[in-house]
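For reference, the structure is listed below as structure tokens.
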Amino acid sequence: MSVHSDHFTDCDEDSFEEVLDPTLESLVNSTTLQWIFVGGKGGVGKTTTSCSLAIELSNRRESVLILSTDPAHNLSDAFGQKFSSSPTRVNGFSNLFAMEIDSSMKTSTGFQLSDDDDELGLGRMIPEMIQAFPGIDEAMSFGELMKAVQTMNYSCIVFDTAPTGHTLRLLSFPNLLEKAFGKFNELGSKLGGMMDMISGGGGDDSGIMSKIEHMRAVTLSVKKLFKDPTRTTFVCVCIPEFLSLYETERLVQELAKQEIDARYIVVNQIVFPIEGYEDPLTSEQLQKQIEMHMGTTDDSVKVIQEYKKVENKANQLQQAHEARRKMQSKYLSQIRDLYAYDFHVVPMPLRTNEVRGLKNLKTFGESLLTKRDLPIFE
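Take a look at the structure:
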């Protein structure tokens, strides 16, 4: 595998002595974290992890909001309850709320002049200039979202994000907005009186430049909060497969570049050894045992024949189980080597049922706090 990591560049041998706690215990017990982003490749269990984490946080915090920015909106399916773009209390809780928004939706910038004040056609020019920045529509939607989020009175907000590519764009929006607004400030200083006309003259707060400056202030505030590890962190979710590990490394590297804290990696859908399993008797061993006690009879022959059928099925299942474990172990070894000494790597067993509904989500949440070793097949 060609995944590259610089995590251990400056490490010496002493730093490899002990892996970090393989649970989310320190995260849920934090009293300062305000924004917790959960992300990763599609289909790895991000929503399940987000919902279960939010439930655990609700047991410790005064109020918790889980907010989905994924256009797929799986929160409603996970909780078995319909949610909208407004915070809705989750059934069975007094302090847990959920909402689903589309962060990719087009939004009106509000940068328009009335026709009476627009003799030079500037009302058309400014929006066109704004649209000249690639991704600005989505970025403005993000800016409006974060402006709203900052006014929400929740002690902690969990963001259930879209698949990796979308999430990386989401996290880069503050830089894009800051760059765009910086350009407009330069434009304002160069155009002077003309920009006074655009702004409505006389420092009118409803003017375009005033709105730009306000959004710029919001953007800087969000960027500062993003970079504060005591208030914002990112939980990466993956499964032990090539593409998922590749996406995780890509996400980790980009988060480092954006200076966003990422200390937790949940490794989902792991095939663990079967507990209490011992090799059963082979059909030949059973035949000897039966003949010793029963002799060779029609009944004993039938028992042995039926046992051979069961034995064949069991062997097939065991071979499939071991093959899956061996395949996963290749990537679990890489996950251990890449992350276990710098990140809280949380191994999560493959579930026999779909994790939906409060009961299953609570069980999954408790499992996120349970210590396990990565089950690497030797």
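In full-length UniProt numbering, the protein residues as written are 1 to 378. Beta carbons are placed, not taken as given, at the ideal position from N, Cα and C, and that holds for glycine. Bear in mind that the values here come from a model prediction, so they are computed numbers and not experimental data.
- In this structure, G40 keeps its C-beta atom at 7 Å or more from the C-beta atom of V346.
- Looking at the DSSP output, G39 bridges to C236.
- Here N29 is exposed: its Cβ has fewer than 16 other Cβ atoms, across all protein chains shown, within 10 Å.
- In the same chain as E259, and ignoring 5 residues on each side of it, the C-beta atoms closer than 8 Å to its own belong to F226, K227, in chain order.
- Beta-bridge partners of D160 (DSSP): V38, S68.
- When the beta-carbon positions are compared, R89 and F79 stay at least 7 Å from each other.
- Taking a contact as a CB-CB distance under 8 Å, the pair V158 and V64 counts as one, their CB atoms being some 7 Å apart.
- Cβ atoms of L75 and T47 come within 8 Å of each other, at about 7 Å.
- Of I304, I270, A72, the smallest CA-CA separation from L374 is found for I270.
- DSSP places I55 in the uninterrupted alpha helix (DSSP H) bounded by 46-58.
- Annotated three-state conformation of V345 is strand, per DSSP.
- For a cut-off of 8 Å, the C-beta gap from C156 to I265 is around 20 Å, too long to register as a contact.
- Per DSSP, reduced to three states, the secondary structure at N74 is coil, with no helix or strand assignment.
- Annotated three-state conformation of I274 is coil, per DSSP.
- In terms of Cα proximity to S333, the closest of R324, T352, F83, I376 is I376.
- When the five nearest sequence neighbours on each side are left out, the beta carbons in the same chain lying within less than 8 Å of the beta carbon of N153 are those of S63, in order along the chain.
- Inter-residue distance for D160 and A54 is about 10 Å (C-alpha atoms, whole angstroms).
- Our two residues, L168 and N353, have alpha carbons roughly 31 Å apart in a direct line.
- According to the DSSP assignment, L251 belongs to the alpha helix (DSSP H) that extends over 242-257.
- Shown here, L225 sits in a helix according to DSSP, grouped into three states.
- For the set D21, R336, E275, F343, the Cα lying nearest the Cα of V252 is the one of F343.
- In this structure, the straight-line span from the alpha carbon of H214 to that of A340 is close to 42 Å.
- Classified as buried, D70 has 16 or more neighbouring CB atoms from the shown chains inside 10 Å of its CB.
- In chain order, T32, L33, Q34, W35, L225 place their CB closer than 8 Å to the CB of R231, counting only its own chain and leaving out the 5 sequence neighbours on each side.
- If you draw a straight line from the Cα of K326 to the Cα of L24, it comes to about 26 Å.
- About 7 Å separates the beta carbon of L67 from that of I101, a gap short enough to meet the 8 Å contact definition.
- Per DSSP, reduced to three states, the secondary structure at A340 is coil, with no helix or strand assignment.
- Rounded to whole angstroms, the separation of the alpha carbons of L350 and L369 is 16 Å.
- Here I265 is bridged, per DSSP, to C236, V345.
- By alpha-carbon distance to V218, the top candidate from L145, Y246, G45 is L145.
- Around the beta carbon of N268, 16 or more other beta carbons sit within 10 angstroms, so the residue counts as buried.
- Between the beta-carbon of S367 and that of M348 there is about 6 Å, and that keeps the pair under the 8 Å contact cut.
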